[in-house]
Structure formats: structure tokens, C-alpha cells
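Undergrad: Letter by letter, the sequence shown follows residues 36 to 295 in this note's numbering. We treat Cβ as the ideally placed atom computed from N, Cα and C, and that holds for glycine. Before anything else, here's the structure in question.
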Amino acid sequence: MPEGHTIHRLARDHTTWFAGQALTIKSPQGRFVQDAERINGKTLKHVSACGKHLFYQFTKGPMLHLHLGLYGKFRVHDNPAPDPKGAVRIRIIGTERTLDLNGPNQCELIDRPAYEEILDRLGPDPLRDDADPDRAWDRITDSRAPIGQLLMDQSVIAGIGNIYRTEILWRQKIHPKHPGNELTRRQFNSIWKDAIKLMADGEKYNKIITVDLEGIKPAKLGITERTNIYKQKHCPTCNCVIHKFELASRSVFACPQCQK
Numbered sequence: 036m037p038e039g040h041t042i043h044r045l046a047r048d049h050t051t052w053f054a055g056q057a058l059t060i061k062s063p064q065g066r067f068v069q070d071a072e073r074i075n076g077k078t079l080k081h082v083s084a085c086g087k088h089l090f091y092q093f094t095k096g097p098m099l100h101l102h103l104g105l106y107g108k109f110r111v112h113d114n115p116a117p118d119p120k121g122a123v124r125i126r127i128i129g130t131e132r133t134l135d136l137n138g139p140n141q142c143e144l145i146d147r148p149a150y151e152e153i154l155d156r157l158g159p160d161p162l163r164d165d166a167d168p169d170r171a172w173d174r175i176t177d178s179r180a181p182i183g184q185l186l187m188d189q190s191v192i193a194g195i196g197n198i199y200r201t202e203i204l205w206r207q208k209i210h211p212k213h214p215g216n217e218l219t220r221r222q223f224n225s226i227w228k229d230a231i232k233l234m235a236d237g238e239k240y241n242k243i244i245t246v247d248l249e250g251i252k253p254a255k256l257g258i259t260e261r262t263n264i265y266k267q268k269h270c271p272t273c274n275c276v277i278h279k280f281e282l283a284s285r286s287v288f289a290c291p292q293c294q295k
């Protein structure tokens, strides 16, 4: 599932490509036909993101809400676009580009109260200007659950996924099994600040990069060179063998020496 930086990058790109245009909106697959007709021909104002959710705001009418889930995937084409490939839930046609979406977990029209309800049940998103880290701090300190589990809970912090939680906790020298209610405010502040930095880099470069970029061009980094311990065998700091275990239904990685 895409982590939050990818969703924010999509929001930024889709705003750039389609804002201010009266869009042609179709459902080639046929599962979104009636709703597509409701927003067909309407002008897009902007696209915003919160956590792993996308919101398309039009000048009039309902808002389009998307959540990619595990299998959702966008394809962008220069116009004229080729015929839809596979089960395209929604096709968005602008003046220069066409956007196809296959396999989203959620694809629906919502009103403003429903939008606010979604935001209310999500934790603060480090990439949003309106994020309130105190909301996350309150939920973490009120829980005995491991911090590695809490960081995957979108109602605690929105947008952090498996790779970021592994890398942030290693960078802050905190073990994923450390109880949330034993975290200090200083530790939490460092986690939050690091999440902002790393996810902003991810949005900028359109890929997760958690290693120090000083003197390094991101484009020259291979997949295995972009992270410190995620799916790595040894810790780059102490050379200890990295431990891999399950937490929140996903494999997490930790250094037994650096994250005691």
C-alpha cells in the first residue's frame, strides 16, 4: 500500500495537471457510472491528501474521495489516450492528459460533512499544514501498545507505513516494541520531526529515501541503497545482524544493539 508521501505527490501532480479544467469523467468498468455522471463536466478546484486518502474538490457539487488500498493504481496518458486497460474504475480526461484508476479500495462521492468525518477519524498527517502533533501524542501516551504498532495506526498518525515506521524508529534509536505510554515527549517530538523530513523528501523525490542525502544525488541510489535497515541484513552503524519480526501484521526490522 502506498505510504503518505506518494498520496501527497499524487495530489500535487493531479492538481497541477487538472485544476481549473472542466473534466470529462467516465467509468469504463461500469461500477462508477452514475456517480461519474454527477461530476462529469465539472471544474476541478484542487486535490488534497490526508494520510492515504485523496480528495478531489470541484467548484460545485460533491467531492471525489479515493483510497488506493493494496491494489489501486493510477495510469496517466497524454491525450489522445489509448483505450482503457483492464478494469478502469474511473477515467478522468483533461485538456492534455487522461488519468485512469484501476482497483481502488474506495472510490466514492462525498459531501463536506463526510469529508470532515474522515479527517476526524484520522490522526494528524505530518505533511499537512494543519497537522496537530498533540493529537498523536495524546493517543500514544494513552496506550500500552508498542510504538511500532501505534505508528501503523492511521488514527494515531496518518500516512506512516511499514517502511517509514522501521526507518524512523531506527534513526531515533527506539525499539519498535517500546510501549507507547513509556515514550518521552522528547522522543515523540523527534519521531514527529523525522516523519516530516523523511516524508517531505519522499514527496519531493517520489520515492522513499531514509539515508543521509548529504553529497548524494537521489537518482543515483539503487533500491537497496535508499534505506538503512528495512530489508537489510546488517546495521550500517554497528554492523549487528538486523532482527526481523511481525508487528501490526507486517514485518518490521530493528537493530538489537542500536535500538535496545
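Terminal residues of the continuous beta strand (DSSP E) containing H88?
TA: Going by DSSP, H88 is part of the beta strand (DSSP E) stretching over 88-93.
Undergrad: In the DSSP assignment, find the alpha helix (DSSP H) that holds H40 and state where it starts and stops.
TA: 39-53
Undergrad: For the beta strand (DSSP E) that S286 lies in, which residues bound it at each end?
TA: 285-289
Undergrad: Output needed for L157: all residues of its chain with C-beta closer than 8 Å, excluding positions within five of it in sequence on either side, in chain order.
TA: The answer, listed in chain order, is C85, G86, H88, Q189, S190, A193.
Undergrad: If you run the structure through DSSP and keep just helix, strand and coil, what is M98?
TA: Correct three-state label for M98: strand.
Undergrad: Leaving out the 5 sequence neighbours to the left and right, which residues in its chain are closer than 8 Å to R220 when beta-carbon positions are compared?
TA: Within the same chain, and ignoring the five residues on either side of R220 in sequence, the residues whose Cβ sits closer than 8 Å to its Cβ are W172.
Undergrad: When burial is assigned at 16 or more other CB atoms within 10 Å of the CB, is N137 buried or exposed?
TA: buried
Undergrad: Suppose only complete runs of 4+ residues qualify. What are the alpha helix (DSSP H) ranges in the segment 108-165, listed by chain order?
TA: 147-156
Undergrad: Tell me, please, which residues DSSP counts as bridged to A84.
TA: L89
Undergrad: Taking all protein chains shown into account, decide if C25 is buried (16 or more other Cβ within 10 angstroms of its Cβ) or exposed.
TA: Only positions 36 to 295 of the chain appear in this structure, which leaves residue 25 out of reach.
Undergrad: What is the residue span of the beta strand (DSSP E) that L282 lies within?
TA: Boundaries of the beta strand (DSSP E) around L282: 278-282.
Undergrad: Following the continuous alpha helix (DSSP H) through I175, name the residue where it begins and the one where it ends.
TA: 168-176
Undergrad: List the endpoints of the continuous alpha helix (DSSP H) containing K232.
TA: 220-240
Undergrad: So what's N253 in DSSP terms, helix, strand or just coil?
TA: For clarity, residue 253 is Pro in the given sequence; the question names Asn instead. P253 falls in the helix class under three-state DSSP.
Undergrad: Given F93, which residues of its chain have a CB within under 7 Å of its CB, disregarding the five upstream and five downstream residues?
TA: Excluding residues up to 5 positions away in sequence, I74, K77, T78, L79, K80 lie with their Cβ nearer than 7 Å to the Cβ of F93 in the same chain.
Undergrad: Grab the span of the beta strand (DSSP E) containing T259 for me, first residue to last.
TA: That residue, T259, is in no beta strand (DSSP E); it is neither H nor E in DSSP.
Undergrad: Between A283 and the rest of its own chain, which residues show a CB-CB distance below 6 Å, the 5 nearest in sequence each way excluded?
TA: Only Q184, M187 meet the Cβ criterion.
Undergrad: Rank R206, E131, P37, L99 by C-alpha distance to the C-alpha of D146 and give the top, closest one.
TA: L99
Undergrad: Could you compute how far the alpha carbon of R163 sits from the alpha carbon of Q294?
TA: 29 Å
Undergrad: Cβ of N263 less than 8 Å from any chain C Cβ?
TA: Looking for chain C here will not work: only one protein chain is present.
Undergrad: With N241 and R44 assumed to form a contact (beta carbons below 8 Å), what rounded beta-carbon distance in angstroms separates them?
TA: N241 to R44, Cβ: 5 Å. Contact.
Undergrad: By DSSP, does I60 sit in helix, in strand, or in coil?
TA: Assignment of I60 by DSSP, reduced to helix, strand and coil, places it in the strand class.
Undergrad: What span of residues does the alpha helix (DSSP H) with V68 cover, start to end?
TA: 68-74
Undergrad: How far does the alpha helix (DSSP H) with I195 in it extend, from its first residue to its last?
TA: Taken as a continuous stretch (DSSP letters only), I195 belongs to no alpha helix (DSSP H), as it is neither H nor E.
Undergrad: Determine, using beta carbons only, whether G104 and P161 come nearer to each other than 8 Å.
TA: No, Cβ-Cβ distance for G104 and P161 is not below 8 Å.
Undergrad: Under a Cβ-count criterion, where at least 16 other Cβ atoms within 10 Å of its own Cβ denotes burial, should D135 be classed as buried or exposed?
TA: buried
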